[in-house]
Amino acid sequence: MVIAEVQRLVKKYPSFELKDVSFCLESGRITGFIGRNGAGKTTTIKSMLGMVHPDGGTVQYFGKPFIGNEAEIKKRIGYSTGTVSWYPRKKIRDIVSIVKGFYDTWDDAAYRRYLDMFSIDEGKTPLELSEGMKVKANLALALSHAAEVLILDEPTSGLDPFSRNELLKLFQTLRRDGVTVFFSTHIISDIEKCADDIVYISKGQIAAAMPREDFIVKHSQSGESLEDTMLRMEGGAMHA
Amino acid sequence: MRNILKKEMRLSASILTYLFIPFGLMFLLPGYPILCGAFFVTLGIFHSFQSAREANDTVFSALLPIAKRDIVKGKYLFVCLVEAGAFMLMALSAALRETVFSEAGPYKANALMNANGFALGMALVIFGLFNLIFVGGFFNTAYKFAKPFVAFVIACFLVIFVSEALHHVPGLERLNASCTEEMLLQMLLLATEIIICFLLTAASYAGACRKFENIDL
Numbered sequence: 064m065v066i067a068e069v070q071r072l073v074k075k076y077p078s079f080e081l082k083d084v085s086f087c088l089e090s091g092r093i094t095g096f097i098g099r100n101g102a103g104k105t106t107t108i109k110s111m112l113g114m115v116h117p118d119g120g121t122v123q124y125f126g127k128p129f130i131g132n133e134a135e136i137k138k139r140i141g142y143s144t145g146t147v148s149w150y151p152r153k154k155i156r157d158i159v160s161i162v163k164g165f166y167d168t169w170d171d172a173a174y175r176r177y178l179d180m181f182s183i184d185e186g187k188t189p190l191e192l193s194e195g196m197k198v199k200a201n202l203a204l205a206l207s208h209a210a211e212v213l214i215l216d217e218p219t220s221g222l223d224p225f226s227r228n229e230l231l232k233l234f235q236t237l238r239r240d241g242v243t244v245f246f247s248t249h250i251i252s253d254i255e256k257c258a259d260d261i262v263y264i265s266k267g268q269i270a271a272a273m274p275r276e277d278f279i280v281k282h283s284q285s286g287e288s289l290e291d292t293m294l295r296m297e298g299g300a301m302h303a
Numbered sequence: 612m613r614n615i616l617k618k619e620m621r622l623s624a625s626i627l628t629y630l631f632i633p634f635g636l637m638f639l640l641p642g643y644p645i646l647c648g649a650f651f652v653t654l655g656i657f658h659s660f661q662s663a664r665e666a667n668d669t670v671f672s673a674l675l676p677i678a679k680r681d682i683v684k685g686k687y688l689f690v691c692l693v694e695a696g697a698f699m700l701m702a703l704s705a706a707l708r709e710t711v712f713s714e715a716g717p718y719k720a721n722a723l724m725n726a727n728g729f730a731l732g733m734a735l736v737i738f739g740l741f742n743l744i745f746v747g748g749f750f751n752t753a754y755k756f757a758k759p760f761v762a763f764v765i766a767c768f769l770v771i772f773v774s775e776a777l778h779h780v781p782g783l784e785r786l787n788a789s790c791t792e793e794m795l796l797q798m799l800l801l802a803t804e805i806i807i808c809f810l811l812t813a814a815s816y817a818g819a820c821r822k823f824e825n826i827d828l
């Protein structure tokens, strides 16, 4: 079942352009959104969350357009980023006490469970957390309001290999629970480890959007790893 | 709306905003340009905008399950609440000056603006200008606030200077009269200034909602 749909998204900046970006997110699947730095991943994600106004195109969740249903849709999705932290000097406990008031579906027991699972000390401030712990704290927030779709911008960026592995395993656990995970990355091995689907963006255009297995069948040459395939494709795109 | 206001007060606000509210009591100071109290209150609010920006407050708020318009509403509600708190202290100070301390020497010999209805109203006009120039200006980008603040400071001190000067102009001495002496005039002036403050804030809020809706965060 399609849970989110991005259709013909266009956004023009003086030095960059998103061109007709279209893809779907299927319910209960992990989709890796891959592309090199500056390919348009963050702009696409921000457009999906209404933070950037596209010059054209639409974004729908649960069959409803994002514009006009913003508040209702945002209750059902969670967002986390590995690059920004909120209220760096406020205690996690204080941030959460405010955030939970916004969600009717907030589950305190689930929140406690995720704190334990991620070993998060809610007496700490985001400033006192490592990059990996910040991502986990954001995830705990998103998961405690029973988000059906998680949109994660570079969640593995800046993580050590152990934390990255832990996070990717968590995605798989969430998938088992029926959560749809959409995460952007420029690390191809992240996709290899856990993604069911690949959305590959290059120079602001979607170069491929399909199940990972189909991508390998369609684009890989014999004996080539996914990483080699993507490097070759990206090299081709750079020379095009 | 209660939630967004709670967020403003507990997460976005700087402690300095609350600490600067008592500057409303500057209305008790004799021989001092008392409208500077209103300026200090706005300076306290400015600190909240500064700390909120450092904490990525706008983007955080945009991710909460509320419409973008509600983010603007929360910010204006917070600002107006702080201004209302300071205004109550100013009104209390003015009431004390006109009743309990009405015969006190320093107040009788006060060469500057008296704490009367006109002065209270001018404090509200300063708050209205702050809401229009600074808060409205901030929502042009939801990020840059230096230029709006400088523009507000200029406007604010111009208002303070003019307000202090007006009652020295022949024929306008009654602007500095006490409420007991000129009850009707002072109340009329206050009512007019309340309306000005409301209009400035309402215009600023409507513009801010429109602008914020189109901003890329």
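As given, the protein sequences belong to chains A and B, one line each in that order.
Mind the numbering: the first sequence is residues 64 to 303 in the working numbering, read in order.
Mind the numbering: the second sequence is residues 612 to 828 in the working numbering, read in order.
Backbone N, C-alpha and C fix where the C-beta goes; we use that ideal spot for every residue, glycine too.
Computed from a predicted model, the values in this text were never measured in an experiment.
Check: Selected residue, minimal CA-CA separation from residue 724 (chain B), among B:645, B:666, B:702; Outcome: B:645
Check: Closer than 8 Å at the beta carbon, the chain A residues around residue 828 (chain B); Outcome: 109, 114, 115
Check: Beta-carbon neighbours of residue 172 (chain A), restricted to chain B and to distances below 9 Å; Outcome: Correct list: empty, because the minimum Cβ distance to chain B is about 21 Å.
Check: Cβ contact check for the stretch 204-214 of chain A and the stretch 164-176 of chain A: 3 or more pairs under 8 Å; Outcome: yes
Check: Distance, residue 272 (chain A) Cα to residue 260 (chain A) Cα; Outcome: 7 Å
Check: Classification of residue 809 (chain B) by the beta-carbon crowding that lies within 10 angstroms, buried from 16 upward; Outcome: exposed
Check: Residue(s) in a DSSP beta bridge with residue 80 (chain A); Outcome: A:75
Check: Contacts that residue 825 (chain B) makes with chain A (C-beta to C-beta distance below 8 Å); Outcome: 116
Check: Any 3 or more C-beta pairs closer than 8 Å across the stretch 792-808 of chain B and the stretch 714-724 of chain B; Outcome: no
Check: Positions along the stretch 749-782 of chain B whose CB lies within less than 7 Å of some CB in chain A; Outcome: none
Check: Residue 704 (chain B), buried or exposed, once every other Cβ within 10 Å from all chains shown has been counted against 16; Outcome: buried
Check: Alpha carbon of residue 782 (chain B) to alpha carbon of residue 732 (chain B), nearest angstrom; Outcome: 20 Å
Check: Residue from B:656, B:816, B:750 whose Cα sits closest to the Cα of residue 695 (chain B); Outcome: B:656
Check: Beta-carbon neighbours of residue 66 (chain A), restricted to chain B and to distances below 9 Å; Outcome: Per Cβ cutoff of 9 Å: no residues; residue 66 (chain A) is ~17 Å from chain B at best.
Check: Start-to-end residues for the alpha helix (DSSP H) that takes in residue 101 (chain A); Outcome: Segment: none, residue 101 (chain A) is in no alpha helix (DSSP H) and carries neither H nor E.
Check: Strand pairing of residue 87 (chain A), partner residues [DSSP]; Outcome: A:68
Check: Buried/exposed call for residue 242 (chain A), threshold 16 Cβ in 10 Å; Outcome: buried
Check: Distance between residue 691 (chain B) and residue 748 (chain B) (C-alpha atoms, nearest Å); Outcome: 16 Å
Check: Straight-line gap, residue 280 (chain A) to residue 199 (chain A) (C-alpha atoms, nearest Å); Outcome: 34 Å
Check: Short Cβ contact (8 Å threshold) for residue 868 (chain B) with residue 735 (chain B); Outcome: This structure gives no information on residue 868 (chain B), because the portion of chain B shown stretches from 612 to 828.
Check: Contact set between the stretch 149-160 of chain A and chain B, restricted to residues whose Cβ is under 9 Å from the partner; Outcome: 149, 150, 151, 152, 153, 157, 158, 160
Check: One or two residues paired with residue 124 (chain A) in a DSSP bridge; Outcome: A:67, A:127
Check: Pick from B:702, B:805, B:715 that is closest to residue 635 (chain B), judged by C-alpha positions; Outcome: B:702
Check: Inside the stretch 712-749 of chain B only - alpha helix (DSSP H) runs reaching at least 4 residues; Outcome: 716-719, 728-740
Check: Sequence-distant residues of the same chain with beta carbon closer than 6 Å to residue 37 (chain A), five excluded per side; Outcome: One cannot answer for residue 37 (chain A) here, as it falls past the ends of chain A, which runs 64 to 303.
Check: Residue-level contact to chain B via CB, residue 138 (chain A), 8 Å cutoff; Outcome: yes
Check: Test: residue 95 (chain A) CB closer than 8 Å to a CB of chain B; Outcome: no
Check: Local conformation of residue 307 (chain A) per DSSP, three classes; Outcome: Limits of chain A in this structure are 64 at one end and 303 at the other, which puts residue 307 (chain A) out of reach.
Check: Under the three-state DSSP convention, the category residue 798 (chain B) falls into; Outcome: helix
Check: Cβ neighbour criterion (16 or more within 10 Å) applied to residue 84 (chain A); Outcome: buried
Check: C-alpha distance - residue 612 (chain B) paired with residue 827 (chain B), whole-angstrom precision; Outcome: 23 Å
Check: Beta-carbon neighbours of residue 164 (chain A), restricted to chain B and to distances below 9 Å; Outcome: 613, 614, 617, 618
Check: C-beta contact flag for residue 96 (chain A) and residue 288 (chain A) at 8 Å; Outcome: no
Check: Contact with chain A by residue 677 (chain B), beta-carbon distance below 8 Å; Outcome: yes
Check: is_contact[residue 134 (chain A), chain B] using C-beta, thresh 8 Å; Outcome: yes
Check: For residue 240 (chain A), three-class secondary structure by DSSP; Outcome: coil
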